[in-house]
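Trainee: As numbered in this note's numbering, residues 6 to 470 make up the sequence shown, in order. Ideal placement from N, C-alpha and C gives every residue a C-beta, glycine not left out.
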Amino acid sequence: MPQTALPVVCIVTVDEEFLGVVTPELSPWFQVMVRGNYDDLVRLTREAGVAAILLDIDTEGEDPFGGLPVLNELRSLNDNVTLISMGRARARAMEKQALNAGADAHFRNPVDVTELRMTLVETVRRRSENAERERMRQQSLESSRFQDFVGASEPMRLVYDAIQQVAGSSINVLIRGESGTGKELAARAIVALSRRASKPYIRLNCAALPENLIESELFGSERGAFTGATESRPGQIELADGGTLFLDEIATLSVALQTKLLRVLEDHQVQRLGGRTNRKIDFRLICATNEPLEEMVRTGRFREDLYYRIHVIPINLPPLRERRGDIALLCEHFLEVHCVANGLRLKRLNADALAVLEEQTWPGNVRELENLIQRLVVTARADEIGVNHLPPRVLKQSLAAQEAILLPAEGADFDEEIRRLEIALLTTALSRTGGSKTAAARLLNIDGQRIKYLCRKYSLQASTG
Numbered sequence: 006m007p008q009t010a011l012p013v014v015c016i017v018t019v020d021e022e023f024l025g026v027v028t029p030e031l032s033p034w035f036q037v038m039v040r041g042n043y044d045d046l047v048r049l050t051r052e053a054g055v056a057a058i059l060l061d062i063d064t065e066g067e068d069p070f071g072g073l074p075v076l077n078e079l080r081s082l083n084d085n086v087t088l089i090s091m092g093r094a095r096a097r098a099m100e101k102q103a104l105n106a107g108a109d110a111h112f113r114n115p116v117d118v119t120e121l122r123m124t125l126v127e128t129v130r131r132r133s134e135n136a137e138r139e140r141m142r143q144q145s146l147e148s149s150r151f152q153d154f155v156g157a158s159e160p161m162r163l164v165y166d167a168i169q170q171v172a173g174s175s176i177n178v179l180i181r182g183e184s185g186t187g188k189e190l191a192a193r194a195i196v197a198l199s200r201r202a203s204k205p206y207i208r209l210n211c212a213a214l215p216e217n218l219i220e221s222e223l224f225g226s227e228r229g230a231f232t233g234a235t236e237s238r239p240g241q242i243e244l245a246d247g248g249t250l251f252l253d254e255i256a257t258l259s260v261a262l263q264t265k266l267l268r269v270l271e272d273h274q275v276q277r278l279g280g281r282t283n284r285k286i287d288f289r290l291i292c293a294t295n296e297p298l299e300e301m302v303r304t305g306r307f308r309e310d311l312y313y314r315i316h317v318i319p320i321n322l323p324p325l326r327e328r329r330g331d332i333a334l335l336c337e338h339f340l341e342v343h344c345v346a347n348g349l350r351l352k353r354l355n356a357d358a359l360a361v362l363e364e365q366t367w368p369g370n371v372r373e374l375e376n377l378i379q380r381l382v383v384t385a386r387a388d389e390i391g392v393n394h395l396p397p398r399v400l401k402q403s404l405a406a407q408e409a410i411l412l413p414a415e416g417a418d419f420d421e422e423i424r425r426l427e428i429a430l431l432t433t434a435l436s437r438t439g440g441s442k443t444a445a446a447r448l449l450n451i452d453g454q455r456i457k458y459l460c461r462k463y464s465l466q467a468s469t470g
């Protein structure tokens, strides 16, 4: 059975005496490579699969700090490589600057080679495990992606299947779901997988324009059709010829405009405002709404015949509260997107913070979650985002948050926590009763002798009453 290749460590130094001692120490654990200058370290870091670099920062020139910029550059190029620095400077400031520049550890000459070897072995192992976890995380994230969607839950798998089933046809599609569930993502996914992918994709939010503008925006207008119409212009339906028209918030169209849209769908022709000729049009219609169209049909606010025209194949997007298993994946995705966008190191949510987010009802759905993650990326200074970084409105009704605050993941000193709680209760009771021990005892449902004992125990001042 072939042996696993040893990881490569590159030693950068001109100290022959040190090399004679350290090379035999490291050889059973690493393939040792030696360089006498910094020249091709960047290439080695990128190309040669070097697991660790042992950098003598005194190697070139007389400046004992001369190798610090090299450390900084190597760390920026590869976050997985182990960087160990060493130097002759005795000042503790040197170690601090080396660590700040990206070193995992710093050794002062003369170096204890046994300690150096143990540090290298442990750090390489830890970084290798971290790199493997990151690879698995990325693999998991990639396997949960479909077009622009992120999610591996069963409700989302059903959505993906539905999109793939309708994409190849020219049938009208109605996408339904609460605000923030990704209705436009679904429309774009259908188009991307369709035969019209290379054709025009026109999107119009029917709720974004006033009633007096939406008609000309949809159907186009001829010069002089209304005040301000100084030239002829095509509408969004005409611009979508050969491609796809996505009408978001279609339920906001007036009944009159619904009638005109129905005529276009039936005749495959469009007439501009002020025009006298019909133009042949070929487009696929995808609509979206978060309104109860069936109720609107029943009350006469939405035409029944148009409803059946656009409701040929409905795709229902689940709210985030029905796909809680996707919250962790979505958080990872949004953390990566917004950390990169802001030029920051990748941050992560700890388990307690994630548990809090998984408890939320998310009325704004995925859009609300993304907005929160974007805020946390900017406001949380630490690489790890914890419960203490979450806004009060999120924590308010979270059982997981209360548990995390009461008992942090790293554990707690039971006696110290009880001491703090007793002091807090006593201080509050005494403050509320104007310093009266007798009244405070009644408030806490304990006898007078016990409150006197506790006040002495914690050196709390109070009146004798």
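#1: With distances taken between CB atoms, is the gap from residue 365 to residue 343 smaller than 8 Å?
#2: Mind checking residue 231: buried by the 16 CB within 10 Å criterion, or exposed?
#3: What are the start and end residues of each continuous beta strand (DSSP E) run of 3 or more residues lying completely inside the stretch 158-204, in chain order?
#4: How do the stretch 205-214 and the stretch 249-264 stand: do at least 3 beta-carbon pairs fall below 8 Å, yes or no?
#5: Roughly how many angstroms separate the alpha carbons of residue 242 and residue 305, rounded to a whole number?
#6: Who pairs with residue 90 in a beta bridge, going by DSSP?
#7: Which same chain residues, not among the five before or five after residue 295, have their C-beta less than 6 Å away from its C-beta?
#8: Just the C-alpha distance for residue 261 and residue 221, rounded to the nearest angstrom, thanks.
#9: Alpha helix (DSSP H) containing residue 371: first to last residue?
#10: What separation, rounded to the nearest whole angstrom, lies between the Cα atoms of residue 6 and residue 354?
#11: Would residue 265 and residue 224 qualify as a contact pair, given that the criterion is a beta-carbon distance under 8 Å?
#12: When DSSP labels each residue in this structure, what does residue 452 get in the three-state scheme?
#13: Residue 78 and residue 27 - do their beta-carbons sit closer together than 8 Å?
#14: Taking the alpha-carbon of residue 153 as reference, which of 189, 238, 81, 348 has the nearest alpha-carbon?
#15: In this structure, how does DSSP classify residue 251 when only helix, strand and coil are distinguished?
#16: Compute the distance between the beta-carbons of residue 40 and residue 13, then report whether it is under 8 Å.
#17: Within its chain, find whatever has a CB closer than 8 Å to the CB of residue 332; leave out the 5 residues flanking it on each side and keep chain order.
#18: On the premise that residue 60 lies in contact with residue 75, defined as a C-beta separation below 8 Å, what is that separation, rounded to the nearest angstrom?
#19: By the 10 Å Cβ neighbour count, where 16 or more other Cβ atoms means buried, how is residue 419 classified, buried or exposed?
#20: Does DSSP put residue 219 in a helix, a strand or coil?
#21: Can you tell me whether DSSP reads residue 78 as helix, strand or coil?
#22: Going by DSSP, name the residue or residues bridged to residue 320.
#23: Three Cβ pairs or more, each shorter than 8 Å: is that satisfied between the stretch 383-398 and the stretch 423-441?
#24: Run the CB neighbour count on residue 533, radius 10 Å, all protein chains shown included, and call it buried at 16 or more, exposed below.
#25: Is the stretch 164-176 in contact with the stretch 274-282, if contact means three or more CB pairs nearer than 8 Å?
#26: Mapping the DSSP letters down to three states, classify residue 210 as helix, strand or coil.
#27: Residue 302 lies in the beta strand (DSSP E); which residues open and close that run?
#28: Does DSSP put residue 276 in a helix, in a strand, or in coil?
#29: How long is the line joining the alpha carbons of residue 443 and residue 461, rounded to whole angstroms?
#30: Residues in the same chain with beta-carbon distance under 7 Å from residue 459, minus the five sequence neighbours each way, listed in chain order, please.
#31: Assuming residue 91 and residue 114 make a contact with CB atoms under 8 Å, what is their CB distance in whole Å?
#32: What are the partner residues of residue 289, as DSSP defines its beta bridges?
Mentor: If we stick to the structure as given:
#1: By one-based count along the sequence shown, residue 365 stands at place 360. By one-based count along the sequence shown, residue 343 stands at place 338. Not a contact, by the Cβ cut-off of 8 Å.
#2: Indexing the sequence shown from 1 puts residue 231 at position 226. Result: exposed.
#3: 178-181
#4: yes
#5: Here the question's residue 242 lines up with position 237 in the sequence shown. Here the question's residue 305 lines up with position 300 in the sequence shown. Going from the Cα of residue 242 to the Cα of residue 305 covers about 25 Å.
#6: The residue you call residue 90 lines up with position 85 of the sequence shown. Paired residue(s): 60, 111.
#7: Position 290 of the sequence shown, counted from the start, is the residue given in the question as residue 295. Closer than 6 Å at Cβ, skipping near neighbours: 183, 184.
#8: On the sequence shown, residue 261 is found 256 positions in, with the first residue counted as 1. On the sequence shown, residue 221 is found 216 positions in, with the first residue counted as 1. So the two alpha carbons sit approximately 13 Å from each other.
#9: As a working mapping, residue 371 is identified with position 366 in the sequence shown. Here the alpha helix (DSSP H) through residue 371 covers 370-384.
#10: The sequence position of residue 6 within the sequence shown is 1, counting from 1. The sequence position of residue 354 within the sequence shown is 349, counting from 1. Confidence in residue 6 is poor, its pLDDT being 36 and thus under 50, which makes the residue's placement too unreliable to answer from.
#11: In the sequence shown, the residue the question calls residue 265 occupies position 260. In the sequence shown, the residue the question calls residue 224 occupies position 219. Contact flag set, yes.
#12: Taking the sequence shown and counting its residues from 1, one reaches residue 452 at position 447. Residue 452: coil per DSSP, three-state reduction.
#13: In the sequence shown, the residue the question calls residue 27 occupies position 22. In the sequence shown, the residue the question calls residue 78 occupies position 73. Contact: no.
#14: As a first step, residue 153 must be located in the sequence shown, where it is residue number 148. When each option's Cα is compared against that of residue 153, the closest is 189.
#15: Residue numbering aside, residue 251 sits at position 246 when the sequence shown is read from its first letter. Looking at residue 251 - three-state DSSP - the assignment turns out to be strand.
#16: To locate residue 40, count along the sequence shown from 1; it is residue 35. To locate residue 13, count along the sequence shown from 1; it is residue 8. No, they are not a contact pair.
#17: As a first step, residue 332 is located in the sequence shown; it is residue number 327 there, counting from the start. So the qualifying residues of the chain are 325, 359, 362, 363, 374.
#18: Looking up residue 75 in the sequence shown gives position 70. Looking up residue 60 in the sequence shown gives position 55. About 7 Å; that satisfies the 8 Å criterion.
#19: Numbered from its first residue, the sequence shown carries residue 419 at position 414. The residue is exposed, with fewer than 16 neighbouring Cβ atoms inside 10 Å.
#20: Looking up residue 219 in the sequence shown gives position 214. Looking at residue 219 - three-state DSSP - the assignment turns out to be helix.
#21: Position 73 of the sequence shown, counting from 1, holds the residue named residue 78. If DSSP states are grouped into helix, strand and coil, residue 78 belongs with the helices.
#22: By one-based count along the sequence shown, residue 320 stands at place 315. Paired residue(s): 180.
#23: no
#24: Since the first and last residues shown for the chain are 6 and 470, residue 533 lies out of range.
#25: no
#26: Counted from its first residue, the sequence shown places residue 210 at position 205. Strand.
#27: As a first step, residue 302 is located in the sequence shown; it is residue number 297 there, counting from the start. Where residue 302 is concerned, there is no enclosing beta strand (DSSP E), although the alpha helix (DSSP H) it sits in stretches over 298-303.
#28: Numbered from 1 along the sequence shown, position 271 holds the residue referred to as residue 276. Of the three classes helix, strand and coil, the one that applies to residue 276 here is coil, per DSSP.
#29: Translated into positions along the sequence shown, residue 443 becomes position 438. Translated into positions along the sequence shown, residue 461 becomes position 456. So the alpha carbons of these two residues sit roughly 15 Å apart.
#30: Position 454 of the sequence shown, counted from the start, is the residue given in the question as residue 459. If we look at residue 459 and ignore the five residues flanking it on each side, its Cβ neighbours are 427, 431.
#31: The residue labelled residue 91 in the question sits at position 86 within the sequence shown. The residue labelled residue 114 in the question sits at position 109 within the sequence shown. Indeed they touch by this definition, with Cβ atoms about 6 Å apart.
#32: Walking along the sequence shown from the start, residue 289 turns up at place 284. Per DSSP, 249.
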